[in-house]
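Shown next, in structure tokens, is the structure this report addresses.
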Amino acid sequence: TDKKFGIGTSTPDAVLTVVASTTDNNPASNGIRVVNFGTNSDDNAYLAVHTNSAIGGDPVVSWDINGVAGWCAGIDNSDSDKFKISSNWNDLANNTRITIQHSNGFIGIGKTNPDTALDVNGTITATSFSGTATNATNAGYATSAGTANYANSAGSATSAGYATSAGSATSAGYATSAGSANYADIS
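Put into structure tokens, the structure is as follows:
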């Protein structure tokens, strides 16, 4: 027979169905809670989602607003055990938004096969970037402070560095403050 267990319901839908209170928004008392009251650093509490083999299904956690929207996160067992977040409530392989490769930790945003530590399919918007731009190709626009117009004529800008607050550096490789371009050899 098909045995199902319900908490807060006499008609469970799944093997275990827990119906939360409609009036309590406290996660400590409304829903499923896994607690370890130990006081040692290794007294962990786990919620485990497990499948049985390399050819089995995917261990997935799902969040769903019934009939509106859903998300899921888990390990895609059929795609090199990548950790994925998808905007489907029940399918990691479609509408994958974020992928972390198990083999090397590379992260893909909008990509399921990232080629670098962070591989983004789309436009990146940021208030700042840190580090150097060694071997930067197609640098595009750096329009934060002033006008550091298009720096993509450099193919491989090995000394591009960074532009922190350039006043008007249209061909500057390394501009550290307004008006002063310490390295201006982009060719």
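Counting in my numbering, the sequence shown tops out at residue 172, every number present.
Just so you know, even glycine gets a beta-carbon here, dropped at the ideal spot from N, CA and C.
Being a predicted model, the structure only gives us computed values, none of them experimental.
Own chain, CB closer than 7 Å to residue i, minus 5 neighbours either side, in chain order
| i | result |
| --- | --- |
| Pro(-3) | Lys(-11), Phe(-10) and Gly(-9) |
| Lys96 | Thr84, Asp104 and Asn106 |
| Gly42 | Thr36 and Asn62 |
From the options, residue whose alpha carbon lies closest to that of residue i
| i | options | result |
| --- | --- | --- |
| Asn15 | Thr7, Lys69 and Asn21 | Thr7 |
| Asn75 | Asn106, Phe91, Val46 and Ile17 | Val46 |
| Asn179 | Asn89, Gly93, Asp49 and Thr112 | What is shown of the chain runs -14 to 172, which leaves residue 179 out entirely. |
| Ala33 | Asn89, Val19, Ala13 and Thr119 | Val19 |
Own chain, CB closer than 8 Å to residue i, minus 5 neighbours either side, in chain order
| i | result |
| --- | --- |
| Asp9 | Asn15 |
| Ile40 | Asn62 |
| Phe91 | Ile85, Pro99, Asp100, Thr101, Ala102, Leu103 and Asp104 |
| Asn21 | Asp28, Asn29 and Ala30 |
Boundaries (first-last residue) of the beta strand (DSSP E) holding residue i
| i | result |
| --- | --- |
| Trp48 | Val45 to Ile50 |
| Arg179 | Missing from the structure shown is residue 179; the chain here goes from -14 to 172 and no further. |
| Gly55 | Ala54 to Asp61 |
| Val34 | Neither: Val34 is in no beta strand (DSSP E) and is coded neither H nor E. |
| Ser71 | Lys67 to Ser71 |
Beta-carbon contacts of residue i that lie in its chain and below 6 Å, excluding the five residues immediately before and after
| i | result |
| --- | --- |
| Asp66 | Ile60 and His87 |
| Leu71 | According to the sequence displayed, residue 71 carries Ser and not Leu. Around Ser71: Cys57, Leu77, Asn80 and Thr81. |
| Asp(-13) | none |
| Lys69 | Asp61, Leu77, Thr81 and Thr84 |
| Ser93 | Looking at the sequence shown, residue 93 is not Ser but Gly. These residues qualify, in order along the chain: Thr84, Pro99 and Asp104. |
One or two residues paired with residue i in a DSSP bridge
| i | result |
| --- | --- |
| Val3 | Ile(-8) |
| Gly93 | Thr84 and Asp104 |
**Report entry** Three or more C-beta pairs below 8 Å linking the segment 24 to 39 and the segment -2 to 5
**Finding:** no
Requested in this report: Indicate whether the contact test is met: 3 or more Cβ pairs, each with one atom in the segment 42 to 56 and one in the segment 84 to 95, closer than 8 Å.
Outcome: In short, these stretches do not touch, since the Cβ pair count stays below three.
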